[in-house]
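A short worksheet on the structure shown next.
In the UniProt record's numbering, the protein residues as written are 1 to 296.
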């Protein structure tokens with residue numbers, strides 16, 4: 001196991017079960033754990049058609065669970081205003097095209113994720129030798145894409161705004177993926193971080209099953225750029241968030257969470273980076289095309 005910075009139960013975000021299947025951690029925020037990954041629902045319960053947003057879409061088996069929660073949470077046959085992707089890894093986009101077509105909704109992502117979402121480019125192969133357990137060893141079997149969202153795919157606005165999410169802004173937090181983003185709301189200091197950092201171990205089957213609350217760097221086996229990942233964690237820690245939702249693990253909040261995040265940022269090389277990296281990078285010509293929009 002890759003035990004890092006332990007958190008206690010008092011560091012868990014306050015959770016309310018309203019009977020819709022999601023953990024509610026703010027009046028307009030809830031998240032749903034789907035096997036190994038979380039998806040996030042933004043919008044007031046009962047808000048109705050086109051008044052809410054889905055952040056990430058889980059695994060290929062997640063469709064029915066997402067639809068069931070959405071119906072209970074927002075109303076029968078209600079559709080989101082948008083789907084937002086923190087990045088394009090298989091466990092975050094598993095049902096995205098199906099849901100986008102079902103709901104007739106655009107899918108927003110950072111321009112640097114476009115090659116992995118428009119059918120152009122595979123992600124680099126994962127590194128099974130990062131240590132930590134069976135999930136890492138099995139990682140070469142995980143899908144690397146690409147998927148093709150066609151005309152559903154839209155680049156996020158360059159001004160940092162997020163369609164359908166007033167008061168929020170997206171932040172480019174690369175490292176785990178070139179176009180990885182996090183979502184930030186200054187008003188209540190809420191932070192949705194995808195896999196920029198996570199709140200449980202993801203390298204072993206035991207850690208995935210038990211979901212101990214710990215502060216971790218991004219999943220090791222699928223993180224190709226550790227320099228960028230470190231800069232992203234430092235940037236997010238500097239925001240001093242009050243509450244965080246990561247792509248893996250329970251939502252966390254309060255002073256203990258911030259102290260753990262600061263410690264992760266300060267000791268990132270010791271805590272997060274694999275001691276012996278054997279990651280095989282793909283040629284730059286395959287990772288991004290010359291016609292891709294620049295990073296914001």
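Beta carbons: idealized from backbone N, C-alpha and C, even for Gly.
| task | With a floor of 4 residues, list each alpha helix (DSSP H) that falls wholly inside the stretch 105-182, ordered by position along the chain. | result | 114-117 and 134-138
| query | What residues in its chain sit with their C-beta under 8 Å from that of residue 261, if we drop five residues either side in the sequence? | reply | 197, 215, 233, 236, 237, 241 and 244
| query | Out of curiosity, what's the CA-to-CA distance linking residue 44 and residue 217? | reply | 31 Å
| CB contact flag (residue 110, residue 156, <9 Å) | yes
| request: May I ask you to report which of helix, strand or coil DSSP gives residue 26? | output: strand
| task | Give the secondary structure of residue 16 by DSSP, where H, G and I count as helix, E and B as strand, and everything else as coil. | result | strand
| query | Which residue's Cα is closest to the Cα of residue 308: 150, 205, 165 and 117? | reply | As shown, the chain starts at 1 and ends at 296. That puts residue 308 outside it, with no answer to give.
| Okay, do the stretch 263-278 and the stretch 98-107 touch, 3+ Cβ pairs below 8 Å being the bar? | no
| message | Buried or exposed, going by whether 16 or more other CB atoms sit within 10 Å of the CB of residue 123? | response | buried
| query | Taking just the CA atoms, how far does residue 252 sit from residue 66? | reply | 22 Å
| request: Would you list the residues sitting across from residue 194 in a DSSP beta bridge? | output: 246
| query | So, helix, strand or coil for residue 66, using DSSP? | reply | helix
| Are the beta-carbon atoms belonging to residue 249 and residue 10 less than 9 Å from one another? | no
| field | For residue 203 and residue 247, believed in contact at Cβ under 8 Å, the rounded distance | value | About 14 Å separates the two Cβ atoms, so there is no contact after all.
| query | Is it the case that the Cβ atoms of residue 230 and residue 194 are separated by a distance below 9 Å? | reply | no
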